[in-house]
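The structure appears right after this line, and notes come after that.
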Amino acid sequence: MDAWIAPLLHTLSLPEVGLPTVFVVALVSATLLPMGSEPAVFGLVKLNPELFWPAVLVATAGNTVGGAISWAMGYGAHTAIDRARGSPTHLRALDWLERFGPKACLLSWLPAVGDPLCAVAGWLRFPFWPCVAYMAIGKFARYTLMTAALLWLLPGDWLARWVG
């Protein structure tokens, strides 16, 4: 069973395969599916240090697109429920979030609450482009800091020894 791990990781670490893989993993992980994209970014950068900034930018783009999809799902759900009920829907528990507006999307990088936050921003009909901009800023900061921290904490050739 372990015989397939090393060749798979080698293939996924190739720049022509690794960056699209990081984009897809980051996009999917920004939806409501329970998945993390940091290991994919870190693995690619660890095996290809020259891809630090391209990997961070591609992961940020993929994660932001995924957040925008979540926003659209929230917006669509709100519209569908309003149409079905025949009246506007409003949740009192979200009043505090409305005070922050699109800036709340800066927190879209947080584990567990960040992805639903994007959907809630759509539900509350926050303006799309400001939400996407704040999502991108938060996600860029997360990928930059997380990847740099992991590279600092796990120096050397430990990944090659682990898969080889």
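Residue numbering for the sequence shown follows UniProt numbering, starting at 1 and increasing by one per position.
Ideal Cβ positions, reconstructed from N, Cα and C, are used throughout, including at glycine.
Computed from a predicted structure; not experimentally measured.
DSSP on residue i, reduced to helix/strand/coil?
i	result
residue 17	helix
residue 75	helix
residue 142	helix
residue 30	coil
residue 52	helix
residue 135	helix
residue 150	helix
residue 23	helix
residue 110	coil
residue 126	coil
Ends of the alpha helix (DSSP H) at residue i?
i	result
residue 117	114-123
residue 154	That residue, residue 154, is in no alpha helix (DSSP H); it is neither H nor E in DSSP.
residue 44	38-47
Report the CB separation of residue i from residue j in whole angstroms; it is logged as a contact under 8 Å.
i	j	result
residue 104	residue 110	About 11 Å; that fails the 8 Å criterion.
residue 37	residue 26	4 Å
residue 64	residue 132	6 Å
residue 61	residue 23	7 Å
residue 108	residue 135	5 Å
residue 18	residue 44	4 Å
If we cut at 9 Å on Cβ distances, does residue i have a partner in chain C?
i	result
residue 141	Absent from the structure is chain C; it holds one protein chain and no more.
State yes or no: is the C-beta of residue i nearer than 8 Å to some heavy atom of the ligand NAD?
i	result
residue 131	Looking for the ligand NAD in the displayed structure turns up nothing, as the structure carries no ligands at all.
Is the stretch 63-83 touching the stretch 121-130 in the sense that three or more CB pairs, one from each, lie closer than 8 Å? Touching, yes.
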